[in-house]
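Enquirer:
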Amino acid sequence: DVKVTQSSRYLVKRTGEKVFLECVQDMDHENMFWYRQDPGLGLRLIYFSYDVKMKEKGDIPEGYSVSREKKERFSLILESASTNQTSMYLCASSLSGIETQYFGPGTRLLVL
Amino acid sequence: EDQVTQSPEALRLQEGESSSLNCSYTVSGLRGLFWYRQDPGKGPEFLFTLYSAGEEKEKERLKATLTKKESFLHITAPKPEDSATYLCAVQPPRSDYKLSFGAGTTVTVRA
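See below:
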């Protein structure tokens, strides 16, 4: 069974903290994605990766960075958390392109 | 800019009361249109991909259709377990990896 896991379901951080969100997939998928989901705005792509150590900016990369050192793991980093980064963060993976993305359960991040 | 608009924002149905959700888009040269289901506190779950106008796909009580400007998700004789938020997303012609998502329609089915 396909599985995408995220390291935390809920996180509370302070403004200015460095925040790491981890995502692991067990399907040997080439592609991995980070989205944020906000009410009324839908999902917005932050970064994606189509291979180990490869990354591309999505629509809203400002304030974020990513790391993909191993095929199964894709990390999202908030270098200095701000209150406007309070959101639900969703990780996804796909075998090729964006066909049939499999999503993790999400991490709800609150920045105080 | 590519725009995806879903309507209505929320839909309350009685069990067995069929209805349709709408997803309209401004993308020209669509490469694909995707429907996802999202339950509270969970990530979206893939339902369908449609590629060309006139195409239809079905899964249990759900049927998705596509025209040149919009897609419909028809829910036939819904049950309470069909309650969820339904998301629509489009793949623009220039993109291999990016989707533009709508804000979703939240469906509540009462027994």
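Residue numbers (this note's numbering), protein chains in the order written: chain B, -10 to 101; chain R, 433 to 543. C-beta atoms are modelled at their ideal positions from N, C-alpha and C, and glycine is treated no differently.
1. Between which residues of its own chain and valine 459 of chain R is the CB-CB distance below 6 Å, once the five residues before and five after are set aside?
2. Where are the alpha helix (DSSP H) runs, 4 residues long or more, that stay fully inside the region 5 to 70 of chain B, in chain order?
3. If I measure Cβ to Cβ from glycine 86 of chain B and keep anything under 8 Å in the same chain, skipping five residues before and after, which residues do I get?
4. How should serine -5 of chain B be labelled, buried or exposed, when 16 other C-beta atoms within 10 angstroms of its C-beta is the threshold for buried?
5. Glycine 464 of chain R lies in the beta strand (DSSP E); which residues open and close that run?
6. Between which two residues does the beta strand (DSSP E) carrying glutamine 523 of chain R extend?
7. Whole angstroms is fine: what's the gap from tyrosine 468 of chain R's alpha carbon to serine 71 of chain B's?
8. Asparagine 20 of chain B touches chain R at which residues, Cβ-Cβ below 9 Å?
9. How about serine 451 of chain R and alanine 509 of chain R: do their beta carbons lie closer than 8 Å?
10. Helix or strand or just coil, what does DSSP make of glutamine 435 of chain R?
11. Report the rounded CA-to-CA distance for aspartate 48 of chain B versus phenylalanine 22 of chain B, giving the unit in angstroms.
12. Identify the contact partners of tyrosine 39 of chain B in chain R, using a Cβ-Cβ distance below 9 Å as the criterion.
13. Rounded to the nearest angstrom, what separates lysine 511 of chain R and lysine 495 of chain R at their Cα positions?
14. What do you get for leucine 99 of chain B, buried or exposed, if any count of 16 or more other CB atoms within 10 angstroms of its CB means buried?
15. Any beta carbon of chain B sitting closer than 8 Å to that of proline 524 of chain R?
16. In the DSSP assignment, what are the bridge partners of leucine 445 of chain R?
17. Quick one, are the C-beta atoms of serine 82 of chain B and valine -7 of chain B less than 8 Å apart?
18. Tell me, to the nearest whole angstrom, how far the beta carbon of valine 539 of chain R is from that of leucine 465 of chain R; I am working on the premise that it is less than 8 Å.
19. For the region 472 to 505 of chain R, which residues have a beta carbon sitting closer than 8 Å to at least one beta carbon of chain B?
20. Does the CB of glycine 534 of chain R have a neighbour CB from chain B at under 8 Å?
21. Do the CB positions of glutamate 447 of chain R and alanine 516 of chain R come within less than 8 Å of each other?
22. Who are the near neighbours of arginine 493 of chain R in its chain, counting only those whose CB is closer than 8 Å to its CB and skipping five residues on each side?
23. Cutting at 8 Å between CB atoms, please list the residues of its own chain near lysine 7 of chain B, excluding the five before and the five after it.
Expert: Considering the structure as presented:
1. Asp434, Val522, Pro524
2. none
3. Closer than 8 Å at the Cβ level, and outside the excluded window around glycine 86 of chain B, lie Asn20.
4. Residue identity differs from the one stated: residue -5 of chain B is glutamine in this sequence, not serine. Per the 10 Å Cβ criterion, buried.
5. That run of the beta strand (DSSP E) goes 464 to 470.
6. 516 to 523
7. 30 Å
8. Tyr529
9. no
10. coil
11. Rounded to the nearest angstrom, the two C-alpha atoms are 12 Å apart.
12. Asp528, Tyr529
13. Taking the CA atoms as reference points, lysine 511 of chain R sits about 15 Å from lysine 495 of chain R.
14. Flag for leucine 99 of chain B reads exposed.
15. no
16. In DSSP, leucine 445 of chain R forms a bridge with R/Val541.
17. Contact check for serine 82 of chain B against valine -7 of chain B passes: the beta carbons are separated by less than 8 Å.
18. Actually they do not touch by this definition, with Cβ atoms about 19 Å apart.
19. Gly473, Lys474, Gly475, Pro476, Glu477, Phe478, Thr481
20. yes
21. no
22. Within the same chain, Ile507, Thr508, Ala509, Pro510, Lys511, Asp514 come within 8 Å of arginine 493 of chain R by CB-CB distance, once the 5 residues on both sides are set aside.
23. Ile66, Leu67, Glu68, Ser69, Ala70
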